[in-house]
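Numbering (full-length UniProt numbering), first residue to last: 5 to 243.
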Ligand code: UDP
C-alpha cells in the first residue's frame, strides 16, 4: 500500500557527524547547505522540529572506551549537541530570516529555552523552527531516541532520518552490489530482517507508537523538500 506522503508537521533528525564535515567541530558549508534545505520547507508552511546529534564532538561510548565514566561522557556529548543547535539556529536566522527556538533538555537559560513540550508545539504553530538540544537529558540514550520521543510528544507525523545514504537496503550496498533497496517496509519487517534504521530504543518507541520513519539522503540538494512533499524518495518505514 502506498502510504500518503506529504506532511504538515515533521521531526527532522540530523546526524552530528555531517555537521562536522567529517571532522571535529562545525563545517559552515555543511550547516549552510542544510539550512537552505530547511528554509525551503519552512517557506512552504511546514511545521518543523529538529534534533541534531553530537557525533562531531563527542560520543559517550567512545569516551568510555578511553577510560572515562560513561554517564559523564554522555553528558559531555549532550552538551556538544547544543553547539550544533546554535550553529543551525544562526544560519536559519541570519541567512533566511527564520524564527527559531533552541530548546534544551538540560537547562542553560543563557543560550536556550528549557524544553517544555506544549511551548514547543506552540512555537511550531506560530511557524517557528524548534531545535531540540542536549538529547533527552539522560545518559545512555541517543539523539535518535530523542527524535522519536519528541516527535511523539509534540505530535509530528513522521521522523525524517537524514542520512548520507539513499535509504534502507537489505545489506550494505557498498559491500554487496546485490543489496535490495526498500521503498517501503514495515517496522516489523525491519526487526525480522535485522535491518538498521535507528538504535533499538528509538526504533521500538516508533514501532510501539506507530510513528513512521522516512530514511533519506540529505546530501542531495532539495531532498528535505522532496521528503516532506510526498515525492518518492528514500525508504518509508511504516505500519
Ligand atoms: N546522548 C545521551 N543522551 C541522549 C542523547 C545523546 O547521552 O539523550 C549522548 C550520547 O553519548 C551520544 C551522544 O550524546 O552518543 C551524541 O548523540 P548521537 O550519538 O545520537 O549523535 P549522532 O550519532 O546522531 O551524531
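Positions of the beta carbon are idealized from the N, C-alpha and C atoms, including for glycine. These numbers were taken from a predicted model, which means no experiment stands behind them.
What is the rounded straight-line gap between the Cα of residue 154 and the Cα of residue 15?
Your numbering for residue 154 matches position 150 in the chain shown. Your numbering for residue 15 matches position 11 in the chain shown. Spanning the two alpha carbons is a distance of roughly 8 Å.
Residue range of the unbroken alpha helix (DSSP H) whose run includes residue 95
Numbered from its first residue, the chain shown carries residue 95 at position 91. 74-100 is the extent of the alpha helix (DSSP H) around residue 95.
If we count Cβ pairs, one from each stretch, closer than 8 Å, do we get three or more for the stretch 128-141 versus the stretch 207-218?
no
Check each candidate in 213, 147, 106 and 33 and name the one with the smallest Cα separation from residue 159.
As a working mapping, residue 159 is identified with position 155 in the chain shown. Selected option, being the one with the closest Cα: 213.
What is the DSSP secondary structure of residue 232, reduced to helix, strand or coil?
As a position in the chain shown, residue 232 is number 228, starting the count at 1. Residue state, collapsed to three classes: helix.
What span of residues does the beta strand (DSSP E) with residue 211 cover, start to end?
Residue numbering aside, residue 211 sits at position 207 when the chain shown is read from its first letter. Per DSSP, residue 211 belongs to no beta strand (DSSP E); it is in the alpha helix (DSSP H), 204-212.
Closest Cα partner of residue 186 within the set 165, 196, 230 and 237:
Position 182 of the chain shown, counting from 1, holds the residue named residue 186. Considering only alpha carbons, the answer is 237.
At a cut-off of 8 Å, would you count residue 65 as near the ligand UDP, judging by its Cβ distance to the nearest heavy atom?
In the chain shown, counting from the first residue as 1, residue 65 sits at position 61. Yes - the ligand UDP has a heavy atom lying nearer than 8 Å to the Cβ of residue 65.
Start-to-end residues for the alpha helix (DSSP H) that takes in residue 44:
As a working note, residue 44 is residue 40 in the chain shown. It spans 32-47 - the alpha helix (DSSP H) in which residue 44 sits, taken as one unbroken run.
Can you find at least 3 beta carbon pairs, one from the stretch 102-117 and one from the stretch 79-87, that sit closer than 8 Å?
yes
Quick one: Cα of residue 134 to Cα of residue 86, how far?
Along the chain shown, read from residue 1 onward, the residue named residue 134 stands at position 130. Along the chain shown, read from residue 1 onward, the residue named residue 86 stands at position 82. Looking at the two C-alpha atoms, the distance is approximately 13 Å.
Residue(s) in a DSSP beta bridge with residue 221
Here residue 221 refers to the residue found at position 217 of the chain shown. According to DSSP, which records beta bridges pairwise, residue 221 is partnered with 167.
How would you call residue 129, buried or exposed, if buried means at least 16 neighbouring beta carbons within 10 angstroms?
One-based indexing of the chain shown puts residue 129 at position 125. Result: exposed.
Heavy atom of the ligand UDP less than 8 Å from the Cβ of residue 60, yes or no?
Working through the chain shown from its first residue, we reach residue 60 at position 56. Yes - the ligand UDP has a heavy atom lying nearer than 8 Å to the Cβ of residue 60.
First and last residue of the uninterrupted beta strand (DSSP E) at residue 14:
As a first step, residue 14 is located in the chain shown; it is residue number 10 there, counting from the start. Here the beta strand (DSSP E) through residue 14 covers 13-18.
Neighbour-count burial assignment, residue 19, 16 or more Cβ in a 10 Å radius:
Looking up residue 19 in the chain shown gives position 15. Buried, by the Cβ-count rule.
Proximity below 9 Å, CB of residue 137 to CB of residue 46
For the purposes of this step, residue 137 is identified with residue 133 of the chain shown, where counting begins at 1. For the purposes of this step, residue 46 is identified with residue 42 of the chain shown, where counting begins at 1. No. Outside cutoff.
Could you tell me which whole beta strand (DSSP E) segments of length 3 or greater appear in the stretch 132-159?
133-137
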